[in-house]
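The structure appears below as structure tokens.
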Amino acid sequence: MTHKPKILLAIRSLSGRGGERSVLTLAQGFYEIGCDVHILCFHSNHDYDLNPNFTYHLVDIKQWYYKFLVTSSLRYKFAAKQFDQYVLQHIGQPDLILSNLIQSNRILAYSKLDNIAYVIRNTFSKENENALKKKPEKVLKRYREIYKKHPCICVSHGVEDDLKKTLGNLPEVTTIYNAFDQDYMQKQANAFQPDLGDYLLHVGAFCYAKAHDVLLKAYAKSSQQLPLYLLGKGELENEIKQLIDTLKLNNQVHFLGFNKNPYPFIKYSKALVLSSRYEGFVRVVPEALALGTPVISTDCPSGPNEVLAPKNLVAVDDIDALAEKMNQVMRNPSEFHVEFNSQFLPPNIAKLYLEYFKIGQFK
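For the sequence shown, our numbering assigns the number 133 to the initial residue and increments by one for each residue that follows.
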């Protein structure tokens, strides 16, 4: 490339969740194919280490965002103005601006800059289920206005189908999968070996979408041949601990907290168990496959059935089916092995963005 494409990824923060990890991995893909990569956050908190290959920026909106301006639309408009001014002054007009997650999307809907696209990382109808039940017309109108402003890049075909079905005809919607850096994950996985013996593992935030209640009730019905470890943090941790007490699982279910390097725990587990009600494109499934770890999962919208075989899947909220699948994977983990697909490697995914938007050598 004679011109070094300038790529900006905008996101609320780099807190320790899957969407934030996805942004950092995609950024690495852009860097590896010769792009000038920038990451801009609207809040300063971060749980992940900052990769020195990127330039980081902060437009800190919390100092005025909740103190001034009465309506949310005015706050987003003001934030967009601050964003535009900062980008033009400190970065220059990027060849591509990728907005990630809802707060950034709502801000950048008012941006006047060119070359903006939204990365849709969650199943819209599920993420907004309660709001759609209470005020469907208001919610649909709001998000149609947001997502018609810029192209929408969905991280799975399920997310794309759901977005189109829920919001109707949007001007530009396509799918480009999340990126997964297999070499990086394998190196990180060798950092240490957890002294836990044989075990099952669940990785995910303690929130409604991850359905820890289903996971624990299913595990309680299983043979409990192996202990279950929970890797993550979140607002439902106390409720999950109470359920563990109720189910009398204190000796079998253990908390690992949040860890910036989850890969040793994934690599050395006998199997990864996912119980989600919905996802955008569940990151930990390809991560486990990249490390050779078997996976069983609910067939939730969206993502697992685009990566896993039918035998690895059970219906959402089906406690008995998940319990039986746990028994099967504890007896014979290798039966559920699935090969990692190289299409997910970061440079390959980054190239798809440049191709789609006709940037650099793909003009």
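Built from N, CA and C at the ideal position, the CB exists for glycine as well.
- Residue 355 has no beta-bridge partner at all, per DSSP.
- Residue 178 and residue 147 have their C-alpha atoms roughly 5 angstroms apart.
- With 16 or more neighbouring CB atoms inside 10 Å of its own CB, residue 436 falls in the buried class.
- By alpha-carbon distance to residue 234, the top candidate from 151, 165, 164 and 191 is 151.
- In this structure, residue 313 and residue 434 do not form a Cβ contact; the two beta carbons are roughly 22 angstroms apart against a cut-off of 8 angstroms.
- Exclusion of the five residues before and after residue 168 leaves 136 and 138 as the residues of its chain whose Cβ lies within less than 6 angstroms of its Cβ.
- Bridge pairing for residue 231: 142 and 250 [DSSP].
- Burial is judged here by how many other beta carbons sit within 10 angstroms of a residue's own beta carbon; residue 188 has fewer than 16 and is exposed.
- Residue 485 and residue 223 have their C-alpha atoms spaced approximately 20 angstroms apart.
- In the DSSP assignment, residue 489 falls within the alpha helix (DSSP H) that extends over 478–489.
- Distance between residue 170 and residue 392, taken at the CA atoms: about 21 angstroms.
- Following the DSSP letters along the chain, one finds residue 388 inside the beta strand (DSSP E) bounded by residues 385–389.
- Pairing residue 236 with residue 272, the inter-Cα distance amounts to about 18 angstroms.
- Residue 398 is a Cβ neighbour of residue 321, given a cutoff of 8 angstroms.
- Between residue 140 and residue 219, the C-beta spacing is below 8 angstroms.
- When the Cα atoms are used, residue 327 and residue 401 turn out to be separated by approximately 11 angstroms.
- For residue 205, the enclosing alpha helix (DSSP H) has its first and last residue at 204–222.
- For residue 289 and residue 418, the gap between their C-alpha atoms comes out near 16 angstroms.
- Counted as a single uninterrupted DSSP element, the beta strand (DSSP E) harbouring residue 429 occupies residues 427–430.
- Here residue 165 carries a coil assignment [DSSP, helix/strand/coil].
- The continuous stretches of beta strand (DSSP E) do not include residue 414, and DSSP gives it neither H nor E.
- If you look at residue 403, you'll find it in the beta strand (DSSP E) that goes 403–406.
- Taken through DSSP and simplified to helix, strand or coil, residue 188 comes out as strand.
- Per DSSP, residue 335 is not a residue of any alpha helix (DSSP H); the beta strand (DSSP E) it occupies stretches across 332–335.
- CA-CA distance, residue 481 to residue 264, rounds to 32 angstroms.
- By the 16-neighbour rule on beta-carbons within 10 angstroms, residue 426 is buried.
- With fewer than 16 other beta carbons inside 10 angstroms of its own, residue 463 counts as exposed.
- Inter-residue distance for residue 357 and residue 405 is about 14 angstroms (C-alpha atoms, whole angstroms).
- Closest option to residue 450, judged by alpha-carbon separation, among 491, 473 and 343: 343.
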